[in-house]
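Report on one structure; see the data block that follows.
In structure tokens:
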């Protein structure tokens, strides 16, 4: 009789949960160690929304991972018996020619995605809540939408617990990849045949040299708004908005499925302490986000702030994901830089496949970083996952 293999996962954010889901499906006995209640209100993946879209600037590797990511999400919806996703499409604007928008347009059209230019003087006609002031270029994409993040994390955690995944509430003092061991603050240790380190913005502190100099925590501010009555219907039917400026810009998530209209900053702060800093946004932080959006919003002064908070991302300098073996039998998942959520089920499936195939494990880092095409057998391994 073959002994059951054990997997130990640090972190119950979306990466840890999707890894637990994929490993459980592949026959592993899984334990997840998490310091806070699940969904962790301080976690990088816990918020009303996360976005998924093909537009990725010049990062064509990630653009080409989006279709497999959609397929992996369909597996999650089947698992949960619920589809926590709302299709909205995408509207991208820029106040300059070239840059991310132009790079996205070239890549999207080369791969056959339905990228349609919008003349700037038609923006307000089509989207009456938006000013066309300063727009140099714009396009729409029919596909793209909102992943309802809090609902996904809560639903996936409940599903896994009901099917035998063990969740342990404990704070970890250190990870020891070579020993496939976690040392808890109380002095106890937890070990397994496979260790997965998915600690989000806490990773650089816990993993030390494994991530030091590669990944930093980044405090990001999210502001929720109530639109004036005249624009409520327009926002409810709106695409996600990517408003790009040469020095940054902002994004807006439409109020879908009972959530609020949300705006945030494209730039990374690259500072803060995920474990110590308050999650409440300061008045100055809120004003900084509002100042980015006001020039684009018609009747901006009529929008009411419903709330604001900080979340923390784990940011890699080039915004490339880190999914690699730190030691035999130990994988690190980090550097998801605010755009990893959309790929979490796909990355979990890839990790579960690589845990049983050394050739796939060696090919995993370049693919996850968006630089390399999938290794021979990777997508086949995902498609054959039970």
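Residue numbers (this note's numbering): 339 to 724. Beta carbons: idealized from backbone N, C-alpha and C, even for Gly. These figures come from a predicted structure and were not determined experimentally.
Quick check: the Cα distance between residue i and residue j, rounded to an integer number of angstroms?
i           : j           : result
residue 439 : residue 463 : 21 Å
residue 698 : residue 611 : 34 Å
residue 339 : residue 502 : Reliability fails at residue 339, whose pLDDT of 33 lies under 50, so the model's placement of it is uncertain and no value is given.
residue 599 : residue 525 : 44 Å
residue 662 : residue 700 : 8 Å
residue 671 : residue 361 : 15 Å
residue 475 : residue 458 : 6 Å
residue 436 : residue 429 : 16 Å
residue 455 : residue 621 : 37 Å
residue 443 : residue 659 : 23 Å
residue 583 : residue 601 : 15 Å
residue 432 : residue 522 : 48 Å
residue 279 : residue 617 : In the structure as shown, the chain begins at 339 and stops at 724. Residue 279 is therefore absent and cannot be evaluated.
residue 702 : residue 469 : 44 Å
residue 571 : residue 595 : 13 Å
residue 707 : residue 449 : 19 Å
residue 566 : residue 408 : 34 Å
residue 461 : residue 447 : 21 Å
residue 549 : residue 477 : 37 Å
residue 472 : residue 434 : 8 Å
residue 724 : residue 364 : At residue 724 the pLDDT is 47, less than 50, meaning the model places this residue with poor confidence and gives no usable figure here.
residue 561 : residue 624 : 7 Å
residue 511 : residue 542 : 12 Å
residue 575 : residue 551 : 42 Å
residue 398 : residue 406 : 14 Å
residue 504 : residue 597 : 31 Å
residue 626 : residue 615 : 19 Å
residue 500 : residue 673 : 30 Å
Please confirm whether any heavy atom of the ligand ADP lies closer than 6 Å to the CB of residue i.
i           : result
residue 343 : The ligand ADP is not part of this structure, which contains no ligands at all.
Considering only C-alpha positions, which residue in the set the options is nearest to residue i?
i           : options            : result
residue 466 : 675, 568, 602      : 568
residue 695 : 666, 704, 475, 643 : 666
residue 395 : 379, 380, 524, 441 : 441
residue 389 : 682, 530, 363, 689 : 682
residue 413 : 687, 691, 707, 708 : 687
residue 563 : 576, 590, 392, 529 : 590
residue 709 : 434, 405, 656      : 656
residue 644 : 634, 635, 628      : 628
residue 352 : 485, 520, 446      : 485
residue 634 : 407, 580, 609, 513 : 580
residue 420 : 452, 496, 542      : 496
residue 573 : 511, 542, 552, 636 : 636
residue 374 : 453, 509, 504      : 509
Can you round the beta-carbon distance between residue i and residue j to whole angstroms, since I take them to be within the 8 Å contact cut?
i           : j           : result
residue 359 : residue 498 : 6 Å
residue 684 : residue 534 : No, residue 684 and residue 534 are not in contact; Cβ-Cβ is about 15 Å, not under 8 Å.
residue 386 : residue 488 : 6 Å
residue 691 : residue 532 : With a Cβ gap of about 13 Å, residue 691 and residue 532 do not count as contacting.
If you drop the 5 nearest sequence neighbours on each side, which residues of the same chain put their C-beta closer than 7 Å to that of residue i?
i           : result
residue 619 : 559, 646, 647, 648
residue 613 : 540
residue 712 : 705
residue 381 : 351, 538
residue 342 : 367
residue 453 : 443, 446, 447, 477, 479
residue 451 : 392, 479
residue 513 : 348, 520, 535, 544, 545
residue 642 : 563, 564
Residues in the same chain with beta-carbon distance under 8 Å from residue i, minus the five sequence neighbours each way, listed in chain order, please.
i           : result
residue 606 : 556, 558, 651, 653, 675, 676
residue 771 : Residue 771 lies beyond the residue range present for the chain, which begins at 339 and ends at 724; the question has no answer from this structure.
residue 482 : 389, 390, 391, 392, 393, 425, 426, 427, 428, 577, 578
residue 609 : 554, 555, 556, 557
residue 415 : 421, 422, 423
Can you list, in chain order, the residues of its chain whose CB lies under 6 Å from that of residue i, leaving out five sequence neighbours each side?
i           : result
residue 515 : 664, 665, 668
residue 494 : 355
residue 537 : 348, 349, 544
residue 604 : 586, 587
residue 422 : 486, 489, 490
If you check the beta carbons only, do residue i and residue j fall under 7 Å apart?
i           : j           : result
residue 417 : residue 592 : no
residue 632 : residue 640 : no
residue 528 : residue 346 : yes
residue 377 : residue 491 : yes
residue 371 : residue 479 : no
residue 403 : residue 445 : no
residue 630 : residue 357 : no
For a cutoff of 7 Å on Cβ pairs, would you count residue i as touching chain D?
i           : result
residue 418 : Among the protein chains of the structure shown there is no chain D, as only one such chain exists.
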